[in-house]
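Asker: For what it's worth, my numbering labels the leading residue of the sequence shown as 206, then goes sequentially. My structure is below; once you've seen it, I'll send some questions.
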Amino acid sequence: RHHVISLADFQPEEYDTVLQTAASFQEVLSRRTKRVPALQGQVIANLFFESSTRTRSSFELAAKRLSADTLNFAPGTSSLTKGETILDTAKTYLAMGTDIMVIRHREAGVPLAIANEMDRLQTRVGVFNAGDGQHEHPSQALLDLFTLCTLIDAEKPRLSLLKGKKIAIVGDILHSRVARSNIWSLTASGAEVHLAAPPTLLPKWFADFVTEPIQSTQPSTSNSQLPRKLFLHWSLEPALKDADVVMTLRLQRERMTQHLLPSLREYHQRYGITKERLQLCKPDVKVMHPGPTNRGVEISSDLMDDPQFSLISQQVTSGVAVRMALLYLMSTGKM
Ligand code: CP
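Here you go:
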């Protein structure tokens with residue numbers, strides 16, 4: 206695999222390769238030196254045209270732990286401000302000898318456009334999508350998968366460990382690239398994925414997955430033609446009932462037109478995840494959030510900080526080992 210743009214066509218053995226390689230790098234990160242010479246001499250460019258804390262720093266640290274050289278691009282101080290195009294920016298990094306470009310952009314399709322240009326120019330550059338608009342965020346879904354699988358088997362994480370688990374993804378599905386990538390990976394594992402969101406925050410195309418009209422208070426049906434188990438709900442309770450994992454999503458107010466924006470108080474009352482609401486779930490339920498969070502909106506502040514339930518810090522920690530695995534596998538052509 207030369208580029209990673211989407212998880213839509215990821216195969217079970219590819220997930221397992223990423224999980225097992227990440228577990229090896231997690232062991233490296235537990236050593237005092239924390240560094241391996243695997244990518245010595247390689248250049249990794251982080252081209253983040255949209256803001257990021259976790260993903261950019263995590264890819265940078267992952268590259269450094271692999272002994273690669275890193276280039277960090279800040280759009281506000283770059284020649285984009287002088288009118289240089291995105292493709293010319295990518296070609297500039299190509300000319301400096303970049304081997305892998307990690308790209309984030311607020312518009313869906315930009316990483317793919319750069320990947321196509323790199324292929325057209327017959328380069329060997331690999332492009333990694335670090336989040337494009339409302340499309341996908343593959344490395345986030347892979348680190349979420351790793352976090353869940355290593356809870357069950359830290360030494361041999363594998364996709365099949367999640368088979369039969371009930372995973373609720375709650376909140377602003379419409380704008381969430383994280384939800385899209387997670388739907389691909391989690392349904393590929395054989396988990397039952399239940400989406401719960403207000404009707405205005407569910408994408409229209411999700412109607413393709415249901416065979417009957419969605420009822421606002423009843424659990425909806427999954428499409429029996431699909432091998433993947435995906436369920437849609439407009440209310441929270443059926444999604445939370447007996448859930449093993451609850452994945453909350455940020456209300457992406459910056460991407461909302463006014464008519465989609467529920468009041469924050471109303472949203473928290475109807476869809477906010479609290480300890481009280483978790484009583485509907487399995488007793489050992491775990492809560493995830495890709496970050497950044499709106500404390501007290503999609504998740505209560507006390508729940509976010511409670512290590513009995515919250516995997517949020519663990520997700521960030523997992524991100525370094527998973528991104529080391531992704532950069533290594535991409536660079537060595539093993540993925
Ligand atoms: N989860 C995530 O993508 O966070 P950042 O926007 O901080 O990278």
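Every residue gets a Cβ at the ideal spot worked out from N, C-alpha and C, and that includes glycine.
Considering Cα atoms alone, identify which of G302, S257 and L379 is closest to P280.
Answerer: Counting from one through the sequence shown, the residue named residue 280 turns up at place 75. The shortest C-alpha separation from P280 is found at S257.
Asker: Apply the 10 Å Cβ neighbour rule to G369 and answer buried if 16 or more other Cβ atoms are within range, or exposed otherwise.
Answerer: Against the sequence shown, residue 369 aligns to sequence position 164. When all chains shown are included, G369 counts as exposed.
Asker: Compute every distance between the C-beta of S259 and the non-hydrogen atoms of the ligand CP, then say whether any falls below 8 angstroms.
Answerer: Mapped onto the sequence shown, residue 259 falls at position 54. Rather than Ser, the amino acid found at residue 259 in this sequence is Arg. Yes, the ligand CP has a heavy atom inside 8 angstroms of this Cβ.
Asker: With 16 as the cutoff for other CB atoms within 10 Å, does A373 come out buried or exposed?
Answerer: By 1-based counting over the sequence shown, the position of residue 373 is 168. A373 should be labelled buried.
Asker: Smallest Cα separation from Q474: which of A448, P488, T498 and E442?
Answerer: Residue numbering aside, residue 474 sits at position 269 when the sequence shown is read from its first letter. The option with the nearest alpha carbon to Q474 is E442.
Asker: Pull up the distance between the alpha-carbon of I319 and that of K539, whole angstroms please.
Answerer: What you label residue 319 is simply residue 114 of the sequence shown in a count that begins at 1. What you label residue 539 is simply residue 334 of the sequence shown in a count that begins at 1. Cα to Cα, the separation comes out at about 22 angstroms.
Asker: Does at least one heavy atom of the ligand CP sit under 8 angstroms from the Cβ of S211?
Answerer: Sequence index remark: in the sequence shown, residue 211 carries index 6 (1-based). S211: no, Cβ never under 8 angstroms from the ligand CP.
Asker: Quick one: is Q245 buried, meaning 16 or more other Cβ sit within 10 Å of its Cβ, or exposed?
Answerer: Mapped onto the sequence shown, residue 245 falls at position 40. Classification of Q245: exposed, given that the 10 Å Cβ count is below 16.
Asker: Round the Cβ separation of R270 and V525 to the nearest angstrom and send it over; I've been treating them as touching at under 8 angstroms.
Answerer: What you label residue 270 is simply residue 65 of the sequence shown in a count that begins at 1. What you label residue 525 is simply residue 320 of the sequence shown in a count that begins at 1. Contact flag correct, Cβ pair sits at about 7 angstroms.
Asker: State buried or exposed for I249, treating a residue as buried only when at least 16 other CB atoms are found within 10 Å of its CB.
Answerer: For the purposes of this step, residue 249 is taken as the residue at position 44 of the sequence shown. Answer is buried; the Cβ neighbour count reaches 16.
Asker: Compute the distance between the beta-carbons of L205 and V492, then report whether it is under 9 angstroms.
Answerer: What is shown of the chain runs 206 to 540, which leaves residue 205 out entirely.
Asker: Three-state secondary structure (DSSP) at L244?
Answerer: Taking the first residue of the sequence shown as 1, we reach residue 244 at position 39. The answer is coil: DSSP assigns L244 none of H, G, I, E or B.
Asker: At a cut-off of 8 angstroms, is Q216 close to the ligand CP when judged by its beta-carbon and the heavy atoms of the ligand?
Answerer: On the sequence shown, residue 216 is found 11 positions in, with the first residue counted as 1. No, Cβ of Q216 sits at least 8 angstroms from all heavy atoms of the ligand CP.
Asker: Write down every uninterrupted run of the beta strand (DSSP E) in the stretch 330–361 whose length is 3 residues or greater and which is fully enclosed by it, in chain order.
Answerer: Segments of the beta strand (DSSP E) lying fully in the stretch 330–361: 331–337.
Asker: Restricting to Cα atoms, I'd like to know which of T275, P217, R433 and K287 is closest to Y298.
Answerer: The residue you call residue 298 lines up with position 93 of the sequence shown. Per the Cα distances, T275.
Asker: Quick one: grab the DSSP three-state call for D274.
Answerer: Counted from its first residue, the sequence shown places residue 274 at position 69. In this structure, D274 counts as strand in the three-state DSSP scheme.
Asker: Residues in its own chain within less than 8 angstroms of P403 by CB, not counting five upstream and five downstream?
Answerer: Position 198 of the sequence shown, counting from 1, holds the residue named residue 403. Cβ neighbours of P403 beyond the five flanking positions: W439, P467, Y472, R475 and Y476.
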